[in-house]
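K.L.:
Going left to right, the sequence shown walks through residues -19 to -1, 1 to 314 as mature numbering (1 follows the signal peptide of the UniProt record, and there is no 0) numbers them.
A virtual CB, placed ideally from N, CA and C, is assigned to each residue, including glycine.
What you are looking at is a predicted structure, and each value in this text was computed from that prediction instead of being measured.
Quick one: structure below, then a few questions.
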Amino acid sequence: MRTFLSVIFLAAFSLFSFAQQPYAPAAALPAKNLAMFGRGLYPGNDTTYHLLKRSGFNTILLSSFYIHADGDLYSGDSHQPIIHQGKWVGDAGYVKRVKDLKTKSSISRIEILLEGRWYGQPPNTFDFIRDWYDPAKAVPGIVTGTGKESTLYNIIKVLKEVLGADAICIDDESVYHSPSIIAMGKIAADLNMHMTLCPFKRNNYWTEILEASDNNLVDALYLQCYDGGVRNEIKDWVQGLKPAQPIYPIFMVRGSFSTCDTHKGSKSVAEISKQLRGFKKDYPGMSGAAIWQMEDLNSFVKLGCAIKQPSSGTAKSVAEFLSQLKKALKKEL
């Protein structure tokens, strides 16, 4: 009898202990994280994906994806739905390339960037998340709430199951409704995924999300240091948010907006290195950085920026550009 009771007690204790363990999904961030935002990768080609696998970058943020009013998810690269009526309808070659990214590769993590603007007009992705996360609301054609049958849950579930996504990245630049994003984090947690944040302003909004979320669920922030965030200083965000998570600055390369010149904070490799060095001085704990975006690396080479404007950089191939960026980031980190 004592033996039987002991077994019951130990089993109950084990279940209780398991329930108390912190949330810890797979695909944790590497100690030194080099991330590449992937606009221009859908559906992509084998050559570009092969370059990424050998690039030395660790995280690929597939971008950009937008939720539409009918519950479909669209790719910003093709302006076509990849999820329609709750099912994957996107390019099969893309799925194969994405799933192969981690094979014999430096890449260990794949994130999905959810963007808010569809050519600037409202409503957008985060309007719909705000309007649908509450199960008490009735929206024609949409299953509201964040339960397993909901439209929002299904979108993330399909991305997890079809693409093997490890995290969703929140790039909200217009709605700023923290309760709905906190709810999205709970969807990610239920699917054993992470959620990351991609701010450029509104410190208080991101603080609300961090304070309401497990530190292992929301495990990183990508700080925009270009365009609207061109004046961002990483020390201000570290001091303002005081996050347990790492903050990674995002740099935009020359070649963006189809110009070799500086535009909206775009930088050469040398300029990125210099700014990163200053950030590291202000934030000694900085353990990674990100580049926006793969499409612009291709644009830099296609434009012939190394010849037309040598001050913009010297890369004459995408492979060379990736190598230069990797070396510059690793050197300063």
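Is the stretch 259 to 266 in contact with the stretch 42 to 52, if contact means three or more CB pairs nearer than 8 Å?
P.N.:
With a cut-off of 8 Å, the stretch 42 to 52 and the stretch 259 to 266 do not count as touching, because too few Cβ pairs lie within range.
K.L.:
Give me the residue from G52, G74 and Y207 with the minimum Cα distance to I64.
P.N.:
Translated into the one-based positions of the sequence shown, residue 64 becomes position 83. Closest by alpha carbon: G52.
K.L.:
How would you write the range of the alpha helix (DSSP H) that R78 sits in, first residue to last?
P.N.:
As a working mapping, residue 78 is identified with position 97 in the sequence shown. Element bounds for R78: A73 to D81.
K.L.:
Using DSSP bridges, identify the partner residues of S56.
P.N.:
Position 75 of the sequence shown, counting from 1, holds the residue named residue 56. In the DSSP output, where bridge partners are listed per residue, S56 has F46 and Q61.
K.L.:
What are the boundary residues of the alpha helix (DSSP H) that N279 is part of?
P.N.:
Locating residue 279 in the sequence shown gives position 298, counting from the first residue. It spans M275 to L284 - the alpha helix (DSSP H) in which N279 sits, taken as one unbroken run.
K.L.:
If we ignore side chains and look at the alpha-carbon of each, how far apart do P180 and A164 end up?
P.N.:
Numbered from its first residue, the sequence shown carries residue 180 at position 199. Numbered from its first residue, the sequence shown carries residue 164 at position 183. Rounded to the nearest angstrom, the two C-alpha atoms are 18 Å apart.
K.L.:
Short of 6 Å in beta carbon distance, which residues of its chain neighbour F18, apart from the five on each side in sequence? Order them along the chain.
P.N.:
Locating residue 18 in the sequence shown gives position 37, counting from the first residue. L42, S44, W273 and Q274.
K.L.:
Report the three-state DSSP secondary structure of T84 (helix, strand or coil).
P.N.:
Translated into the one-based positions of the sequence shown, residue 84 becomes position 103. Looking at T84 - three-state DSSP - the assignment turns out to be coil, as it is neither helix nor strand.
K.L.:
Roughly how many whole angstroms lie between the Cα atoms of K311 and N39?
P.N.:
To locate residue 311, count along the sequence shown from 1; it is residue 330. To locate residue 39, count along the sequence shown from 1; it is residue 58. Their Cα atoms are separated by approximately 12 Å.
K.L.:
Would you say R78 and Y30 are within 8 Å of each other, going by their C-beta atoms?
P.N.:
As a position in the sequence shown, residue 78 is number 97, starting the count at 1. As a position in the sequence shown, residue 30 is number 49, starting the count at 1. For R78 and Y30, yes; Cβs fall inside 8 Å.
K.L.:
So if DSSP puts T40 in a beta bridge, which residue, or which two residues, is it bridged to?
P.N.:
Position 59 of the sequence shown, counting from 1, holds the residue named residue 40. Answer by DSSP bridge pairing, in chain order: A16 and R90.
K.L.:
Leaving out the 5 sequence neighbours to the left and right, which residues in its chain are closer than 6 Å to I123 when beta-carbon positions are compared?
P.N.:
Reading the sequence shown from its first residue, position 142 is the one you call residue 123. Hits under 6 Å: G52, W113 and T132.
K.L.:
Would you kindly work out how many angstroms separate the C-alpha atoms of V250 and L22, rounded to a whole number?
P.N.:
As a working note, residue 250 is residue 269 in the sequence shown. As a working note, residue 22 is residue 41 in the sequence shown. Taking the straight line joining both Cα atoms gives about 22 Å.
K.L.:
T177: buried (16+ other C-beta within 10 angstroms of its C-beta) or exposed?
P.N.:
Residue 177 sits at position 196 when you count from the first residue of the sequence shown. With 16 or more other Cβ atoms within 10 Å, it is buried.
K.L.:
Tell me the DSSP bridge mates of H175?
P.N.:
The sequence position of residue 175 within the sequence shown is 194, counting from 1. For H175, which the question treats as bridged, DSSP gives the partners A148.
K.L.:
Please work out which residues of its chain come closer than 6 Å, Cβ to Cβ, to N196, disregarding the five sequence neighbours upstream and downstream, and give them in chain order.
P.N.:
Numbered from 1 along the sequence shown, position 215 holds the residue referred to as residue 196. For N196, where only same-chain residues beyond five positions count, the Cβ hits under 6 Å are A225.
K.L.:
Going straight from the alpha carbon of A16 to that of S87, what length do you get?
P.N.:
Taking the first residue of the sequence shown as position 1, residue 16 is located at position 35. Taking the first residue of the sequence shown as position 1, residue 87 is located at position 106. Cα-Cα distance, rounded: 11 Å.
K.L.:
Leaving out five residues on either side along the sequence, give the residues of the same chain with a beta carbon under 8 Å from the beta carbon of D27.
P.N.:
Looking up residue 27 in the sequence shown gives position 46. Here the set comprises R78.
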